[in-house]
Structures are given as structure tokens and as C-alpha cells.
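Each remark here refers to the structure printed beneath this line.
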Amino acid sequence: MTDARRTPWPALLRRLGPRTLRGRLSLVALITATLLMLVLTVAFNAVVQRRLQHQADDELRTRAAAVATTVDTSGTTVRVLETSHDELLDANVWIYAGRHLLEAPPAAGPLTRVADALAADGGHRCLTTRAHGPYLLCSHPLPGGRSEATVVTALDLSPYRSSAGTLLLGSLALDAVMLACTYGLTRLAVGRALRPVRTMTDQATQWSAVGSEERFGSMRHPVELARLGTSLDALLDRIRTVLRHERRLTGELSHELRTPLSRIIAELDWWQTRPRTADQTRASHQVIADAAESMRTICDTLLDDARDGTLTAPGTAEVLPTLRHLTETPGAKGHLTLTADGPPLVAGVPPALLERIVSPLIANACRYARTRVTVRAERAPDGVRVEVVDDGPGVPASFTGQLFEPGRRADPGDGHGGAGLGLALARRLARSAGGEVTYDPGHTGGARFVVSLPAG
């Protein structure tokens with residue numbers, strides 16, 4: 029059995045049908061117009077046939093009435109009168125007295141037999157025959173006294189049927205022209221109607237690839253296309269948001285992984301440039317392992333936060349040990365001091381998240397401090413507060429409004445490294461845990477950042 033036989037008819041029709049919306053709409057319009065034209069053509073030709081039939085009947089009745097004026101039935105016998113219209117008797121007319129044929133047209137043998145049958149049956153009857161071509165014969169009883177007379181008239185139907193056939197061919201030709209025009213105009217109209225949709229699709233594809241600010245809401249479109257433009261604008265906004273989040277996550281991962289990766293590279297370079305004892309080798313391995321573990325923790329923390337922007341793994345962390353661990357990293361300067369006020373504090377966030385929140389602030393303070401960076405932890409009415417204070421130049425007043433925007437730096441050419449992502453990352457992670465990171469503009473003699481976190 030072939031594949032065509034196994035394929036269901038609906039699936040086969042779908043496979044053979046047009047694949048474009050323009051083609052499908054044009055095909056639907058063509059089928060609809062075909063059905064409509066078929067109904068109209070059948071109705072029109074039925075009306076024409078009926079009209080021609082009435083004309084033929086009227087012609088026969090008129091001829092029979094004219095012949096009746098030449099027949100006298102008032103006496104005991106039927107007489108055919110001589111008139112000036114004797115040519116009527118030669119035009120397919122038969123006159124009977126009872127069943128006796130009085131007058132008949134010349135050379136009408138087969139038609140005469142049909143006329144005899146009609147006269148014998150009596151009454152008013154009509155019969156169509158194909159003797160000598162299509163003919164319609166009708167019998168017309170004549171009123172009279174004591175004599176019975178019947179007039180049978182015949183009419184050649186060839187002209188009528190020829191007219192009907194011509195009208196049928198003309199209507200079919202007109203139908204073909206109308207269907208061709210319908211299909212062509214439908215394709216043209218649908219193509220013009222779908223042209224803005226194709227343009228909008230191309231623009232949406234182009235804008236989504238580059239994250240453009242262009243939108244369809246500012247363009248004038250019909251109501252249907254305006255609704256489509258609104259949907260595409262919402263989709264473009266979501267794509268732009270996803271791209272922005274992707275770029276932000278990439279930048280944050282690069283920013284946070286740079287420090288442990290630098291430690292690994294520095295340790296490997298030092299280990300390869302000079303002979304090392306077994307203890308030093310083990311120490312280098314431990315430093316590399318700690319840095320690699322830190323990288324994994326950074327990746328897990330940022331990826332977990334990027335999934336939905338909220339803390340997915342709640343936990344608690346002892347604040348002071350975490351701060352001490354951050355100040356003892358090789359990237360911190362030797363003059364960094366740590367001051368803790370109050371009893372031991374516990375924050376309501378995991379240790380890894382606490383490190384990711386505070387470490388950008390410490391790294392930023394170490395980058396700009398002159399001689400001292402102080403990290404202070406204390407209890408707050410609504411949780412735990414950590415302050416990071418340095419004695420650097422501080423933040424320019426004109427830049428405080430942009431301080432926590434990703435990728436923004438007060439002076440990119442100040443000779444300090446950094447991509448401007450650390451403060452934005454610290455605030456975002458703190459907010460994901462229900463906390464906040466703020467800058468104190470009233471502090472003088474440096475910069476002061478405050479981290480507020482829920483208590484554990």
C-alpha cells in the first residue's frame with residue numbers, strides 16, 4: 029500500500045493546500061465565490077428555461093387561437109373556412125373533426141402521428157418529441173355545438189434551446205471571468221493587508237536582535253494592527269528585559285569571579301617561578317582550592333538570585349566571622365581594620381549571600397581609601413547593620429543619584445580599576461534578601477556605606 033493511500037484525507041488536503049495565509053484566504057474566497065456563482069447560474073438558467081417554455085406555450089396558444097377562427101363547429105360537421113391566412117395551416121397545424129384529420133401540414137409524417145395521438149386522447153395536452161428535431165405539440169379542443177373539433181399546433185424548439193445553450197455558455201464564461209477576478213483581487217487585497225504585518229515582523233526581528241528602543245506604539249495602524257503592535261511591544265520589552273538581565277548577570281559574574289581567579293593565577297605563577305617545599309605546595313593547593321570554592325559559591329549565589337530575583341535558599345550567617353574572613357583575603361589591604369560593636373550578631377541570610385553583599389563595598393573602599401577602612405557591625409531595631417567607612421575622597425555630590433546604577437563611575441579616568449557593577453550588585457542582592465544598601469551623603473572625610481539586613 030502506498031503512502032498516499034495510508035495518508036488520511038484531511039492531512040492530504042492540508043499538505044496539498046496553500047501554505048501561506050494569503051493563499052489560504054484566496055482559496056477560501058475562490059471556493060465561496062464558486063459556490064455562490066454556481067447557485068446563481070443554476071437559478072438564472074432555470075428561470076431562463078421556464079421563461080422560454082412560457083414563450084413557446086404562448087406561441088402555440090396564439091397560433092391555435094388564430095387557427096380556431098378558420099374552423100366552423102356550429103353545424104353538424106366541422107368545416108375549415110377559406111381565409112386570407114391560409115398560410116397558418118402550413119405552419120405545423122393539424123385540424124381534427126373528432127379523430128378524423130381534416131387538415132395537416134405537408135411532409136410532417138412523424139409529427140402527424142404524434143398529433144393523431146394527442147387528438148385521440150382529447151382535452152388540452154402538450155407533448156415534446158424529437159421527430160425531425162425537438163418539437164413541442166399541444167392539442168386545443170375547440171368549443172362548438174354538435175361537432176367536436178381539435179386543433180394541434182407544433183413548434184420547433186431548436187431556436188429556444190439554442191438560446192438557452194448560448195445563455196448557459198455565456199453565464200459559465202461570465203462565471204469564469206468573475207472567479208478569476210475574485211481570486212486575483214482577493215490575493216491583491218490580502219497581500220496589501222498583510223504587507224504591514226510582514227513589515228512589523230521584520231522590524232520586530234531586527235529590534236529584538238539589537239535591543240532597540242523603537243516600538244510600534246508610536247506608529248499609526250488600523251485597530252487590528254494596533255493590537256498586534258501592542259503585543260509585539262510587550263514582547264520586545266520582555267526580550268529587552270531578558271537581554272538586560274543577561275548582560276547584567278554576565279557582568280556581575282565577571283566582576284565577582286575576577287578576584288578569586290586573580291588569586292589562582294597569582295598563586296600558580298609564584299609556584300612555578302621558584303622551588304617550593306612540600307608545605308608551601310600544600311599551602312598553594314589550599315589557596316587555589318579556596319579560590320575555586322569561592323568561585324563556585326559566587327556562581328551558585330548569583331545564578332540562584334537571577335532565577336527569580338528572590339532569596340531561594342534562606343539561612344542565617346554569623347556576621348563577625350564572615351567580615352573577618354573578607355578582611356583577611358589577599359586582595360584586602362594590610363591597613364584594613366575591623367571593629368565590631370555589641371554582642372555576636374546573626375543575620376537572616378546565608379553566609380555566601382552576606383559575603384556577596386559586603387565584599388563589593390569592602391573592595392570599593394579599599395580601592396579609594398588613603399590609610400584606613402573600617403567595617404563595623406551593630407544591632408539595629410529592624411535587624412543587623414553593617415557599616416563600611418573609608419577615608420578616601422568620597423563620592424561627588426553630583427554623582428550620588430547615579431551611584432547604584434550598573435556600569436556608572438564618577439570618574440572612569442581616575443586610575444582605579446572597576447567596572448561600576450559592585451555597588452549595584454550589593455544593593456540588588458541585599459534587596460533580594462529583604463535588606464538594603466545605602467550611601468550616607470552627610471558623612472565627611474571619606475565615604476560611608478550602610479548595609480541593613482534582617483536578623484537571623
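In terms of our numbering, the sequence shown is numbered consecutively and its last residue is 484.
The C-beta atom is built at its ideal place from N, Cα and C for all residues, glycine as well.
- request: Classify V377 as helix, strand or coil using the three-state DSSP reduction.
  value: coil
task: Could you have a look at D419 and say whether DSSP puts it in helix, strand or coil?
output: coil
query: Cα-Cα, which of G429, R127 and L213 is closest to E176?
result: R127
Pairwise C-alpha distance: L207 and T214: Answer to the nearest angstrom: the Cα atoms are 10 Å apart.
field: Distance, Q83 Cα to R91 Cα
entry: Pairing R91 with Q83, the inter-Cα distance amounts to about 12 Å.
- request: Could you say which of N392, G150, L289 and P388 lies nearest to G420 if we only look at CA atoms?
  value: N392
query: What are the boundary residues of the alpha helix (DSSP H) that S167 is part of?
result: No alpha helix (DSSP H) holds S167; the beta strand (DSSP E) holding it covers Y163 to L170.
- prompt: Taking the Cβ atom as the reference point for each residue, do V180 and S191 lie within a distance shorter than 8 Å?
  reply: no
Host alpha helix (DSSP H) of H486 (start-end): Since the displayed the chain opens at 29 and closes at 484, residue 486 lies outside it and no answer follows.
- prompt: When the Cα atoms are used, what is the spatial distance from R398 to L256?
  reply: Cα to Cα, the separation comes out at about 58 Å.
- prompt: The alpha helix (DSSP H) spanning V403 covers which residue range?
  reply: Looking at the DSSP string, V403 is not in any alpha helix (DSSP H); the run it does join, the beta strand (DSSP E), is V401 to A408.
query: What do you get for W486, buried or exposed, if any count of 16 or more other CB atoms within 10 angstroms of its CB means buried?
result: Residue 486 lies beyond the residue range present for the chain, which begins at 29 and ends at 484; the question has no answer from this structure.
query: In three-state terms, what does DSSP make of G257?
result: helix
query: Along the chain, where does the alpha helix (DSSP H) that runs through T60 open and close?
result: L49 to A96
message: Short of 8 Å in beta carbon distance, which residues of its chain neighbour E242, apart from the five on each side in sequence? Order them along the chain.
response: Q231 and W235
message: If you follow the beta strand (DSSP E) that R153 is in, where does it begin and where does it stop?
response: R153 to T157
query: Looking only at C-alpha atoms, which of Y163, L348, L453 and R268 sits nearest to V414?
result: L348
field: Neighbour-count burial assignment, A425, 16 or more Cβ in a 10 Å radius
entry: exposed
- request: Would you mind giving the Cβ-Cβ distance between A461 and L481, rounded to the nearest angstrom? I have them listed as a contact below 8 Å.
  value: With a Cβ gap of about 6 Å, A461 and L481 count as contacting.
- request: With distances taken Cα to Cα, identify the nearest neighbour of A74 among P138, L253, S102 and R189.
  value: R189
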